[in-house]
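Residue numbers (the numbering used here): 93 to 220.
What follows is a short report on a single structure.
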Amino acid sequence: MSTRHERRRYRHEASGALLTYLVDIEDPLDAHALLQRAARYWCDGLSTPPHRECVTCGVRMPGKKHVGALLLTTPAIIKPTTASVVGVCRECWLVRDLSLEAIERKATEVLQAVVPNGRFEPHQDTRR
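Listed below in structure tokens is the structure:
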């Protein structure tokens, strides 16, 4: 998301619930045009300020080679038009092999800003 209007619309649409997708950076997302565009936009902006940081450890990710996974979210509505993206660095995703629970805890902190007091359902770990 880039404009204030888009952020405002996302928060309004997401006030009920969010759908979340934790995907490996190499997953093509071909069947999900909105998520694919959001992921591409986010990755294209990695080398320019504001610099993206890992949602779990806070390290800067200056390029796609430093990203291990993306957490994409959309409002849980019939036809969402906006999506949000945060990244998990390669170190946390592959090398440290953080548990899904650790990633979820950090992601929940970030998502609470969008859906205050929201509940987030457990997600299946697809890395194995």
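Every residue gets a Cβ at the ideal spot worked out from N, C-alpha and C, and that includes glycine.
All values reported here derive from a predicted model rather than from experimental measurement.
Asked: Integer Cβ distance of Gly155 from Leu138, believed to fall under 8 Å; Found: 5 Å
Asked: Trp185 vs Gly160 beta-carbon contact at 7 Å; Found: yes
Asked: Rounded straight-line distance, which links the Cα of Pro141 to that of Thr200; Found: 24 Å
Asked: Delimiting residues of the beta strand (DSSP E) encompassing Val159; Found: 159-167
Asked: Glu202 in three-state terms, based on DSSP; Found: Per the sequence presented here, residue 202 reads as Val, with Glu not at that position. DSSP places Val202 in helix when its eight states are reduced to three.
Asked: Inter-residue spacing [alpha-carbon to alpha-carbon] between Thr95 and Pro120; Found: 26 Å
Asked: Neighbourhood of His158 by C-beta, 7 Å cutoff - its chain only, sequence neighbours within 5 removed; Found: Cys181, Arg182
Asked: Backbone CA spacing between Thr204 and Arg144 [nearest angstrom]; Found: Note that residue 204 is Gln in the sequence shown here, rather than Thr. Straight-line Cα distance between these residues: approximately 19 Å.
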